[in-house]
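Visitor: Chains as they are written, first to last, in the numbering used here: chain A, 22 to 304; chain B, 1044 to 1302.
Below are the structure tokens for one structure; questions will follow.
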């Protein structure tokens, strides 16, 4: 068995890519682009019209232009940037901790059959416990400090990462592993040149899932508990009746989500440029 | 016989160790936040009485079920339509990309503007909207990723569009649809709890927060455990349904892996 087959087989599993190549021809692509822009315009114009004509009460859905006016007004204010920074920092720190913890623990458990069998029932039980169940607990212990959000983010993202890493390590071709062992590769060398390439697509999947969940929990903690950040500002804006500002903050948080998705995709491409799932996409 | 014992040992070993660890570590605890496990278990039957189950847990689960159901139906219909039409897909892709990226809890304040947050409506809408996107996007991907040979064969046999949908497209996309539905379900549980933290009326999330606010700590812990058990139960239930409906796919993958 060639050493590449170890890395080829998992490609389709973590993220099966459709084979239909709609992005192949460039006239089609530019047409798609314009259709996309048109779609956005339709939604924006539709929302504006619904509000202006009074079909939807403008107290609930202000015109889109007002939302963006509120958004641009916010861009000039210090609290906005402060809150944005706190949200992004909370997300990044929590995600990084969950990734580090998940990869290390996953690698240790995944490398040993005994540990894998011994822990599987516990992992299966703890994983589906919704992290929001911890909200009352962290309120009691940390109150509105950033640690509250940190605990929720790490708990939620950790399981996503752990499970993917476990799959990834289990997916290593036994022949490749045994070959490396017969060549007397040390454990570090095996981790680096046998396990790592196989597990990397799974780790990227873990990163993608974890990044989304981490953002959800960060915003939840801010909104529900009152940890400083955009979520808290959103709650304040809504309860004080500042409707256009409420929508503006939702839009900002949505754009953070889009930015996170783009970042993940970029990283995936950088880290997996050699991987068939990425290469077939670009051809 | 020894094999069963061994596998039982593997399954139960760590949970037993952890629980005994918790039991003894917390036994003499005087820290109000970490009551002894025995106190928590004692509080359990008096806290989760029939009245609470009917008044708090069942309404919560009913809202989750209705919201999730609406999301599945909407996601399947819209997702199939978008997946089958390249123009529609191009038209909606950036918009969907944005809505997917919005963290669902953000919807709560917006929906509170429209429907208020004391009744069922706002909560169900929150859950449905939050659950919609994973199902919708995975259905689109599933329909798009269908084996071209399959769709071409179905076409050349002149299957009517309806039959093609029921016998080729939906089954072919079902593994992806289930992936999406599983993501949706865990988001749904999160939203079920969060939506109850705002409205003052009853529900599982509301009950737990009430315990926390009145410093009924052992009761709060029982609530956390109930919520955890519900999460595990729903995940198991989902897995059962998935294994049954995707039995062909699981078998096919096992053959692929074995080969």
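Positions of the beta carbon are idealized from the N, C-alpha and C atoms, including for glycine.
(1) Using CA atoms only, rank isn't needed, just tell me which of A:72, A:284, A:273 and A:168 is closest to residue 248 of chain A.
(2) So for residue 76 of chain A, helix, strand or coil by DSSP?
(3) Give the range of the alpha helix (DSSP H) segment to which residue 261 of chain A is assigned.
(4) If you follow the alpha helix (DSSP H) that residue 237 of chain A is part of, which residue opens it and which one closes it?
(5) Going along chain B, which residues have a C-beta under 7 Å from residue 53 of chain A?
(6) Would you identify the three-state DSSP class for residue 166 of chain A, choosing helix, strand or coil?
(7) Under 8 Å, Cβ to Cβ, is there at least one residue of chain A near residue 1061 of chain B?
(8) Please list, in chain order, all residues of the same chain as residue 1050 of chain B whose beta carbon is under 7 Å from its beta carbon, the five residues on each side excluded.
(9) Are the beta-carbon atoms of residue 187 of chain A and residue 129 of chain A separated by less than 8 Å?
(10) Alpha carbon to alpha carbon, how far is residue 255 of chain A from residue 290 of chain A?
(11) Quick check on residue 105 of chain A: does DSSP put it in helix, strand or coil?
(12) Can you tell me whether DSSP reads residue 206 of chain A as helix, strand or coil?
(13) With three or more beta-carbon pairs closer than 8 Å as the criterion, would you say the region 50-62 of chain A touches the region 231-241 of chain A?
(14) Between residue 1121 of chain B and the rest of its own chain, which residues show a CB-CB distance below 7 Å, the 5 nearest in sequence each way excluded?
(15) I'd like to confirm something about residue 1132 of chain B: is its beta-carbon nearer than 7 Å to some heavy atom of the ligand MG, or not?
(16) Determine the DSSP secondary structure at residue 295 of chain A, reduced to helix, strand or coil.
(17) Taking C-alpha atoms, which residue in A:279, A:264 and A:97 lies nearest to residue 84 of chain A?
(18) Confirm, please, whether the CB-CB distance from residue 1117 of chain B to residue 1232 of chain B is below 8 Å.
(19) Residue 74 of chain A: buried (16+ other C-beta within 10 angstroms of its C-beta) or exposed?
(20) Are residue 1076 of chain B and residue 1174 of chain B touching if we call contact CB-CB under 8 Å?
(21) Cβ closer than 9 Å: which chain A residues qualify as neighbours of residue 1271 of chain B?
(22) Could you tell me whether the Cβ atoms of residue 173 of chain A and residue 126 of chain A are closer together than 8 Å?
(23) Output the distance between the C-alpha atoms of residue 1123 of chain B and residue 1209 of chain B, rounded to the nearest integer angstrom.
(24) Less than 8 Å between the beta carbons of residue 224 of chain A and residue 1146 of chain B, yes or no?
(25) Have a look at A:96, A:149, A:81 and A:219 and flag the residue whose alpha-carbon is nearest the alpha-carbon of residue 193 of chain A.
(26) Can you tell which of A:165, A:274 and A:133 has its C-alpha closest to the C-alpha of residue 108 of chain A?
(27) Which residues in chain B have a C-beta closer than 7 Å to the C-beta of residue 245 of chain A? List them in chain order.
(28) Hey, does residue 1019 of chain B have any beta-carbon neighbour from chain A nearer than 8 Å?
(29) I'd like to check one pair, residue 1073 of chain B with residue 1265 of chain B: are the Cβ atoms closer than 8 Å?
(30) Please determine if the region 1246-1258 of chain B and the region 157-171 of chain A are in contact, where contact requires at least 3 C-beta pairs separated by less than 8 Å.
(31) Taking one C-beta from the region 1280-1298 of chain B and one from the region 1094-1106 of chain B each time, how about it: are there three or more such pairs within less than 8 Å?
(32) For residue 44 of chain A, count neighbouring Cβ atoms within 10 angstroms of its own Cβ and tell me buried if that reaches 16, exposed if not.
(33) Output, in chain order, the set of chain B residues within a Cβ distance shorter than 7 Å of residue 115 of chain A.
(34) Taking residue 1184 of chain B as the reference, which of B:1086, B:1096, B:1125 and B:1067 has the closest Cα?
(35) Give the DSSP-derived three-state secondary structure of residue 282 of chain A in the structure shown.
(36) Using the Cβ count rule (16 or more neighbours within 10 Å means buried), how would you classify residue 1079 of chain B?
Guide: Result, derived from the coordinates:
(1) Counted from its first residue, the first chain places residue 248 of chain A at position 227. Of the listed residues, the one whose Cα sits closest to residue 248 of chain A is A:168.
(2) Position 55 of the first chain, counted from the first residue, corresponds to residue 76 of chain A. In the three-state scheme derived from DSSP, where H, G and I count as helix and E and B as strand, residue 76 of chain A is classed as coil.
(3) Stepping through the first chain from its first residue, residue 261 of chain A is reached at position 240. Neither: residue 261 of chain A is in no alpha helix (DSSP H) and is coded neither H nor E.
(4) Taking the first chain and counting its residues from 1, the one referred to as residue 237 of chain A is at position 216. Residues 217-241.
(5) As a first step, residue 53 of chain A is located in the first chain; it is residue number 32 there, counting from the start. In chain order, 1133 make up the part of chain B whose C-beta sits under 7 Å from the C-beta of residue 53 of chain A.
(6) Indexing the first chain from 1 puts residue 166 of chain A at position 145. Residue 166 of chain A: coil per DSSP, three-state reduction.
(7) For the purposes of this step, residue 1061 of chain B is taken as residue 18 along the second chain, with counting starting at 1. Contacts with chain A at 8 Å (Cβ-Cβ) include residue 1061 of chain B.
(8) Locating residue 1050 of chain B in the second chain gives position 7, where the first residue counts as 1. No residues qualify anywhere along the chain.
(9) What you label residue 187 of chain A is simply residue 166 of the first chain in a count that begins at 1. What you label residue 129 of chain A is simply residue 108 of the first chain in a count that begins at 1. In this structure, the beta-carbon distance from residue 187 of chain A to residue 129 of chain A does not fall below 8 Å.
(10) Position 234 of the first chain, counted from the start, is the residue given in the question as residue 255 of chain A. Position 269 of the first chain, counted from the start, is the residue given in the question as residue 290 of chain A. Approximately 34 Å between the Cα atoms of the pair.
(11) Position 84 of the first chain, counted from the start, is the residue given in the question as residue 105 of chain A. Residue 105 of chain A falls in the helix class under three-state DSSP.
(12) Translated into positions along the first chain, residue 206 of chain A becomes position 185. In the three-state scheme derived from DSSP, where H, G and I count as helix and E and B as strand, residue 206 of chain A is classed as coil.
(13) Not touching, per the Cβ criterion.
(14) Counted from its first residue, the second chain places residue 1121 of chain B at position 78. Cβ within range, chain order: 1179.
(15) Inclusion of the ligand MG in the displayed structure is not the case, the ligand content being empty and no account of it being possible.
(16) Numbered from 1 along the first chain, position 274 holds the residue referred to as residue 295 of chain A. In the three-state scheme derived from DSSP, where H, G and I count as helix and E and B as strand, residue 295 of chain A is classed as coil.
(17) Reading the first chain from its first residue, position 63 is the one you call residue 84 of chain A. The shortest CA-to-CA distance from residue 84 of chain A to any of A:279, A:264 and A:97 is the one to A:264.
(18) Numbered from 1 along the second chain, position 189 holds the residue referred to as residue 1232 of chain B. Numbered from 1 along the second chain, position 74 holds the residue referred to as residue 1117 of chain B. Against a cut-off of 8 Å, the Cβ pair of residue 1117 of chain B and residue 1232 of chain B comes out as no contact.
(19) Sequence index remark: in the first chain, residue 74 of chain A carries index 53 (1-based). Classification for residue 74 of chain A: exposed.
(20) The residue you call residue 1076 of chain B lines up with position 33 of the second chain. The residue you call residue 1174 of chain B lines up with position 131 of the second chain. It is not a contact, given that the beta carbons lie outside the stated cut-off.
(21) As a first step, residue 1271 of chain B must be located in the second chain, where it is residue number 228. Under a criterion of Cβ atoms nearer than 9 Å, the residues of chain A adjacent to residue 1271 of chain B are, in order, 146, 147, 149, 150, 151 and 154.
(22) Residue mapping note: residue 173 of chain A aligns to position 152 of the first chain, counting from 1. Residue mapping note: residue 126 of chain A aligns to position 105 of the first chain, counting from 1. Going by C-beta atoms, residue 173 of chain A is not nearer than 8 Å to residue 126 of chain A.
(23) For this step, residue 1123 of chain B is matched to residue 80 along the second chain. For this step, residue 1209 of chain B is matched to residue 166 along the second chain. Rounded to the nearest angstrom, the two C-alpha atoms are 11 Å apart.
(24) In the first chain, counting from the first residue as 1, residue 224 of chain A sits at position 203. In the second chain, counting from the first residue as 1, residue 1146 of chain B sits at position 103. Taking 8 Å as the Cβ cut-off, residue 224 of chain A and residue 1146 of chain B do not qualify as a contacting pair.
(25) Numbered from 1 along the first chain, position 172 holds the residue referred to as residue 193 of chain A. Closest in C-alpha terms to residue 193 of chain A, from the list A:96, A:149, A:81 and A:219, comes A:219.
(26) In the first chain, the residue the question calls residue 108 of chain A occupies position 87. Residue 108 of chain A has its Cα closest to that of A:274, out of A:165, A:274 and A:133.
(27) Position 224 of the first chain, counted from the start, is the residue given in the question as residue 245 of chain A. By Cβ distance, chain B contributes 1237 and 1240.
(28) Here chain B covers residues 1044 to 1302 and nothing more, so residue 1019 of chain B does not appear.
(29) What you label residue 1265 of chain B is simply residue 222 of the second chain in a count that begins at 1. What you label residue 1073 of chain B is simply residue 30 of the second chain in a count that begins at 1. For residue 1265 of chain B and residue 1073 of chain B, no; Cβs fall outside 8 Å.
(30) Touching, per the Cβ criterion.
(31) The region 1280-1298 of chain B is not in contact with the region 1094-1106 of chain B.
(32) Walking along the first chain from the start, residue 44 of chain A turns up at place 23. Any reading at residue 44 of chain A needs caution, since the residue's pLDDT is 48, under 50, leaving its predicted position unreliable; the model's value is listed next. Burial call: exposed.
(33) Translated into positions along the first chain, residue 115 of chain A becomes position 94. Neighbours of residue 115 of chain A on chain B: none; closest Cβ ~14 Å, over 7 Å.
(34) Along the second chain, read from residue 1 onward, the residue named residue 1184 of chain B stands at position 141. Of the listed residues, the one whose Cα sits closest to residue 1184 of chain B is B:1125.
(35) Looking up residue 282 of chain A in the first chain gives position 261. Three-state DSSP puts residue 282 of chain A in a helix.
(36) Looking up residue 1079 of chain B in the second chain gives position 36. Around the beta carbon of residue 1079 of chain B, a 10 Å sphere encloses 16 or more other beta carbons of the protein chains shown; the residue is thus reported as buried.
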